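Participant: Okay, handing you the structure first.
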Amino acid sequence: MQILSLLLAIILFFLAPNKYDFFVCCIIFCLFIYTAVITIKNSSKKESVVNFSLFFTISFFFVNFFYPVFIYPVDKYYFPVFGRFYFNEAVITKSTALALIGYCSFSIGTRFFQDKSNIHDVGFASNIFVRSKLILKYTHKIILISAWVVCFFIFFLAKDGILKRSSDAFFNIEPYLLVISQCLINLLIILNFYLKKNIRNLAIAVIYAFVFIYVGDRGPAIQTGLVLLFSYNIFYKKISRSKIILIFIAGFIGLTLVSALRGKDGNNRQFNDVEFTHYYDFTMDLIVNNRNLYAGYDYVDKNGVNYGQSSISYLFAPIPLLPSFITTNLYGVTPQQLSTGTILTNDVNATWGLGTNLIADIYMQFGFLGVIILMFFLGNVISKLALNRKRKLFVTICYIFISSFSIYMARSSLFDSVRYIAWAAMIYYFLFYLFKPFLKAVK
5 MQILSLLLAI
15 ILFFLAPNKY
25 DFFVCCIIFC
35 LFIYTAVITI
45 KNSSKKESVV
55 NFSLFFTISF
65 FFVNFFYPVF
75 IYPVDKYYFP
85 VFGRFYFNEA
95 VITKSTALAL
105 IGYCSFSIGT
115 RFFQDKSNIH
125 DVGFASNIFV
135 RSKLILKYTH
145 KIILISAWVV
155 CFFIFFLAKD
165 GILKRSSDAF
175 FNIEPYLLVI
185 SQCLINLLII
195 LNFYLKKNIR
205 NLAIAVIYAF
215 VFIYVGDRGP
225 AIQTGLVLLF
235 SYNIFYKKIS
245 RSKIILIFIA
255 GFIGLTLVSA
265 LRGKDGNNRQ
275 FNDVEFTHYY
285 DFTMDLIVNN
295 RNLYAGYDYV
305 DKNGVNYGQS
315 SISYLFAPIP
325 LLPSFITTNL
335 YGVTPQQLST
345 GTILTNDVNA
355 TWGLGTNLIA
365 DIYMQFGFLG
375 VIILMFFLGN
385 VISKLALNRK
395 RKLFVTICYI
405 FISSFSIYMA
415 RSSLFDSVRY
425 IAWAAMIYYF
435 LFYLFKPFLK
445 AVK
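When you read off a place in the sequence shown, starting at 1, and then add 4, the result is the number in my numbering.
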């Protein structure tokens, strides 16, 4: 059925008028809901209620389909970003159809890889093969100590901004330090649940998330929260549907409050200054990225694609300074200048970053076919990781890491998680093989 949905989405894309059409947008929306229900249902059967597809689909819905159906016909400038920064309203229908094509391709990708091993779901931890739990216990201790040291070193460097509650507190910290700290926190959480260690070991993870929330930076807090959620669900106890619904509601409200308290000038506002006038204010940070979808589509119509230049900074980010070396020597610009987020921001001379959109990011680099192929690739990778996580611990680690981007990915770049997984692999295997020669494997 997903293939049929993709074919219908392609037909809608080519037949969509070069103007806003509410009726066509509603058809696109209904087809998305149908495909989304099938995708989530299939993923929940193969895994559990807590899975990548669930979080990704909900985020993808708000980032691409909510605005043209529910907001544009009523008050298209309800969110200031749509009125302040120009976008071509004539491409809304076509670009929304393009987003549907991308999601249908993702859905097919999640179904394309079938589990032929007939491994029964008798407890994920017991199915995961590791060569030595003793080595992992020592690895856990080193990661625990490293997490405290690295995190507090970063907090020390950013202490002035933290004390002022400035959202730019970590702006001048080396990016690789922030990546390493997040990787250490994530690995600590995963190994702590896998080895069934005392939950007090996760105090640094709570402190880490709280500090970033305190200064108004939700990204690291969301990542940490999702790693906790997935690790708990996989290694300890499956989370029920009712609890997931409560988590979503609390998450939307909490993170929206953090966003509302964060001023665009880098200084946070007071709680009394925050007010909400409509229910969809609580999904504002996702909905505003609809504009990036339209701007990205329109940009390609005018300037063409850049054939992957924007992905250089993500694909080579695991190696410090390499992205800068490549882009400076090949294109004479910094990696940041090539990112689709920077391109869309500079296109309207915005004074702060407007971000990007997953579908726009792929389309600006690889065009129509790129959206189909790469979204299929994403779904395929997720499916393989989800099924094989029952066999190897590191596959589980990769799955949890990429799932920690499940909400953020719809409004970001496809390859944003690469550097985190690469650094996690280096840390994990370095420590694992460091202890291996000195410890006797436990059968």
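We put the beta carbon where it would ideally sit given N, CA and C, even for glycine. Just so we're clear, the structure is a prediction, and the values are computed from it rather than from any experiment.
Excluding the five sequence neighbours on either side, which residues of its own chain have a C-beta within less than 6 Å of the C-beta of glycine 383, listed in chain order?
Facilitator: Taking the sequence shown and counting its residues from 1, one reaches residue 383 at position 379. For glycine 383, where only same-chain residues beyond five positions count, the Cβ hits under 6 Å are Phe110, Gly113 and Thr114.
Participant: Indicate the three-state DSSP secondary structure (helix, strand or coil) for lysine 98 in the structure shown.
Facilitator: Here the question's residue 98 lines up with position 94 in the sequence shown. If DSSP states are grouped into helix, strand and coil, lysine 98 belongs with the helices.
Participant: Which same chain residues, not among the five before or five after tryptophan 152, have their C-beta less than 8 Å away from its C-beta?
Facilitator: The residue given as residue 152 occupies position 148 in the sequence shown. Answer for tryptophan 152: Ile208, listed in chain order.
Participant: Kindly list the residues whose CB is nearer than 8 Å to the CB of isoleucine 147, restricted to its own chain and excluding five residues on each side of it in sequence; keep chain order.
Facilitator: As a first step, residue 147 is located in the sequence shown; it is residue number 143 there, counting from the start. Result list for isoleucine 147: Leu188, Leu191, Leu192, Leu195, Ile431 and Leu435, in chain order.
Participant: Looking only at its own chain, which residues have a Cβ that is under 8 Å from the Cβ of serine 314, when we skip the five neighbours before and after it?
Facilitator: Reading the sequence shown from its first residue, position 310 is the one you call residue 314. If we look at serine 314 and ignore the five residues flanking it on each side, its Cβ neighbours are Leu342, Ser343, Thr344, Ile347, Asp365, Met368, Gln369 and Ser417.
Participant: Is the Cβ-Cβ distance between tyrosine 107 and alanine 20 less than 9 Å?
Facilitator: Looking up residue 107 in the sequence shown gives position 103. Looking up residue 20 in the sequence shown gives position 16. It is not a contact, given that the beta carbons lie outside the stated cut-off.
Participant: Would you say phenylalanine 26 and serine 407 are within 9 Å of each other, going by their C-beta atoms?
Facilitator: As a first step, residue 26 must be located in the sequence shown, where it is residue number 22. As a first step, residue 407 must be located in the sequence shown, where it is residue number 403. No, these two residues do not count as a Cβ contact at 9 Å.
Participant: Three-state secondary structure (DSSP) at lysine 200?
Facilitator: One-based indexing of the sequence shown puts residue 200 at position 196. It is coil, neither helix nor strand.
Participant: Leaving out the 5 sequence neighbours to the left and right, which residues in its chain are closer than 7 Å to valine 219 when beta-carbon positions are compared?
Facilitator: Position 215 of the sequence shown, counted from the first residue, corresponds to residue 219. Closer than 7 Å at the Cβ level, and outside the excluded window around valine 219, lie Gly165, Ile166, Arg169, Ser170, Ser171 and Ala173.
Participant: In the DSSP assignment, find the unbroken alpha helix (DSSP H) run with alanine 321 in it and report its ends.
Facilitator: The sequence position of residue 321 within the sequence shown is 317, counting from 1. That residue, alanine 321, is in no alpha helix (DSSP H); it is neither H nor E in DSSP.
Participant: If you scan the stretch 12-62 from start to end, which runs of the beta strand (DSSP E) of 3 or more residues do you find wholly inside it?
Facilitator: Entirely contained in the stretch 12-62, not one beta strand (DSSP E) run reaches 3 residues.
Participant: According to the neighbour-count rule (16 or more other Cβ atoms, all chains shown, within 10 Å of its Cβ), is asparagine 293 buried or exposed?
Facilitator: Residue 293 sits at position 289 when you count from the first residue of the sequence shown. That one is buried.
Participant: What's the gap between the Cα of tyrosine 82 and the Cα of isoleucine 31?
Facilitator: Position 78 of the sequence shown holds residue 82. Position 27 of the sequence shown holds residue 31. Each residue's alpha carbon lies about 23 Å from the other.
Participant: State the DSSP-derived secondary structure class of threonine 228, mapped to helix, strand or coil.
Facilitator: By one-based count along the sequence shown, residue 228 stands at place 224. Note: threonine 228 maps to helix in three-state DSSP.
Participant: Near glycine 312, what residues of its chain come up, given a Cβ to Cβ distance below 6 Å and the 5 sequence neighbours on each side ignored?
Facilitator: Translated into positions along the sequence shown, residue 312 becomes position 308. For glycine 312, where only same-chain residues beyond five positions count, the Cβ hits under 6 Å are Gln369.
Participant: Can the beta-carbon of phenylalanine 439 be found less than 9 Å from the beta-carbon of isoleucine 139?
Facilitator: Mapped onto the sequence shown, residue 439 falls at position 435. Mapped onto the sequence shown, residue 139 falls at position 135. Cβ distance < 9 Å, so phenylalanine 439 and isoleucine 139 count as in contact.
Participant: Determine whether the beta carbon atoms of alanine 13 and isoleucine 363 lie at a separation below 9 Å.
Facilitator: As a position in the sequence shown, residue 13 is number 9, starting the count at 1. As a position in the sequence shown, residue 363 is number 359, starting the count at 1. No, they are not a contact pair.
Participant: Can you give the Cα-Cα distance for serine 150 and tyrosine 301, rounded to whole angstroms?
Facilitator: For the purposes of this step, residue 150 is identified with residue 146 of the sequence shown, where counting begins at 1. For the purposes of this step, residue 301 is identified with residue 297 of the sequence shown, where counting begins at 1. Answer to the nearest angstrom: the Cα atoms are 44 Å apart.
Participant: Pull up the distance between the alpha-carbon of isoleucine 123 and that of glutamate 51, whole angstroms please.
Facilitator: For the purposes of this step, residue 123 is taken as residue 119 along the sequence shown, with counting starting at 1. For the purposes of this step, residue 51 is taken as residue 47 along the sequence shown, with counting starting at 1. Confidence at isoleucine 123 is low in this model, with a pLDDT of 47, below 50, so its placement is unreliable and the value that follows should be read with caution. About 12 Å.
Participant: First and last residue of the alpha helix (DSSP H) that includes proline 441?
Facilitator: As a working mapping, residue 441 is identified with position 437 in the sequence shown. No alpha helix (DSSP H) contains proline 441, which DSSP labels as neither H nor E.
Participant: Are three or more beta carbon pairs between the stretch 243-261 and the stretch 285-292 nearer than 8 Å?
Facilitator: Segments in contact, yes.
Participant: Taking Cβ positions, are valine 304 and glycine 359 nearer each other than 9 Å?
Facilitator: Mapped onto the sequence shown, residue 304 falls at position 300. Mapped onto the sequence shown, residue 359 falls at position 355. Result no, Cβ atoms of valine 304 and glycine 359 do not sit closer than 9 Å.
Participant: CB-CB under 7 Å to leucine 35, same chain, minus the five flanking residues each way: which ones, in chain order?
Facilitator: On the sequence shown, position 31 is the one that residue 35 refers to. Ser9, Leu12, Ala13 and Leu104, listed in sequence order.
Participant: Below 8 Å CB to CB, which residues in the same chain sit around glycine 223 once its five sequence neighbours on both sides are set aside?
Facilitator: Looking up residue 223 in the sequence shown gives position 219. The residues are Phe216 and Tyr412.
Participant: Using only alpha-carbon positions, find the residue among Ser185, Tyr240 and Ile386 that is nearest to alanine 225.
Facilitator: Position 221 of the sequence shown, counting from 1, holds the residue named residue 225. The shortest C-alpha separation from alanine 225 is found at Ser185.
Participant: Tell me, to the nearest whole angstrom, how far the beta carbon of leucine 297 is from that of serine 99; I am working on the premise that it is less than 8 Å.
Facilitator: Along the sequence shown, one-based indexing puts residue 297 at 293. Along the sequence shown, one-based indexing puts residue 99 at 95. Confirmed, about 5 Å.
Participant: Looking at phenylalanine 234 and valine 54, is the spacing between their C-beta atoms short of 9 Å?
Facilitator: Working through the sequence shown from its first residue, we reach residue 54 at position 50. Working through the sequence shown from its first residue, we reach residue 234 at position 230. Result yes, Cβ atoms of valine 54 and phenylalanine 234 sit closer than 9 Å.
Participant: Can you say whether lysine 394 is buried or exposed, counting buried as having 16 or more other CB atoms within 10 angstroms of its CB?
Facilitator: As a first step, residue 394 is located in the sequence shown; it is residue number 390 there, counting from the start. Counting Cβ neighbours within 10 Å, lysine 394 comes out buried, since at least 16 surround it.
Participant: State the Cα-Cα distance for the pair alanine 101 and asparagine 202, rounded to the nearest angstrom.
Facilitator: Here residue 101 refers to the residue found at position 97 when the sequence shown is read from its first residue. Here residue 202 refers to the residue found at position 198 when the sequence shown is read from its first residue. Rounded to the nearest angstrom, the two C-alpha atoms are 49 Å apart.
Participant: Can you give me the C-alpha to C-alpha distance between asparagine 22 and alanine 94, rounded to a whole angstrom?
Facilitator: Your numbering for residue 22 matches position 18 in the sequence shown. Your numbering for residue 94 matches position 90 in the sequence shown. Between asparagine 22 and alanine 94, the C-alpha separation is close to 5 Å.
Participant: Note down the Cα distance separating glycine 229 from glycine 87, rounded to an integer number of angstroms.
Facilitator: As a first step, residue 229 must be located in the sequence shown, where it is residue number 225. As a first step, residue 87 must be located in the sequence shown, where it is residue number 83. In a straight line, the C-alpha of glycine 229 is about 33 Å away from that of glycine 87.
Participant: In its own chain, which residues sit with a C-beta less than 8 Å from the C-beta of phenylalanine 197, not counting the 5 before and 5 after it?
Facilitator: In the sequence shown, counting from the first residue as 1, residue 197 sits at position 193. Answer for phenylalanine 197: Ser235, Tyr236, Ile238, Phe239 and Tyr240, listed in chain order.
Participant: DSSP three-state call for aspartate 221: helix, strand or coil?
Facilitator: Along the sequence shown, one-based indexing puts residue 221 at 217. Aspartate 221: coil per DSSP, three-state reduction.
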